[in-house]
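*Asks:*
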Amino acid sequence: MMSKNPFDVFKHDPTEDNLRECFRQGGRVNQFDDEYEQYAVEFAVLQHYNARSDGDAAAMDLWRSMVAVFMEHNAIVEWCSEDESTLNVSETDRLWTRQIVHSELNVLGYGPTFAGQF
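Okay, structure coming up:
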């Protein structure tokens, strides 16, 4: 039996099929992890961001497919407001994570966009 925690999928065998199976078995799409201080969808989006920054096409494909699974399951995303999108904050600030996630989801074709964003 597969874990119902998407973070376990990320740690042990991160594949689109395993994430789908996790959710099929009742896994929480909007799982929050206290260790990472983020939602599972945010973790997946940040992995795509890191892979894109590194030019790692294989990892980009993997995490793009994982993000798509989250979005198919209506993952809740804390989108930034237009005002929040223009603030300069520390990397330790939760808003920084939200800004990166919002921007990267835009790269992947999801969510609202703003003029002069990020």
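Numbering (this note's numbering), first residue to last: 2 to 119.
Note that beta-carbon positions come from the ideal geometry of N, C-alpha and C, so glycine has one too.
Can the beta-carbon of G112 be found closer than 8 angstroms to that of V78?
*Replies:* yes
*Asks:* Taking T1 as the reference, which of N75, W80 and Q100 has the closest Cα?
*Replies:* It is not possible to answer for residue 1, since the shown part of the chain is limited to 2 through 119.
*Asks:* Using 8 angstroms as the threshold, is the C-beta distance between M67 and L109 below it?
*Replies:* no
*Asks:* How would you label A59, buried or exposed, when you count the other beta carbons within 10 angstroms and need 16 or more for buried?
*Replies:* exposed
*Asks:* Contact defined as beta carbons within less than 8 angstroms: I believe L106 pairs with V46. What is the distance between those atoms, to the nearest angstrom?
*Replies:* 6 angstroms
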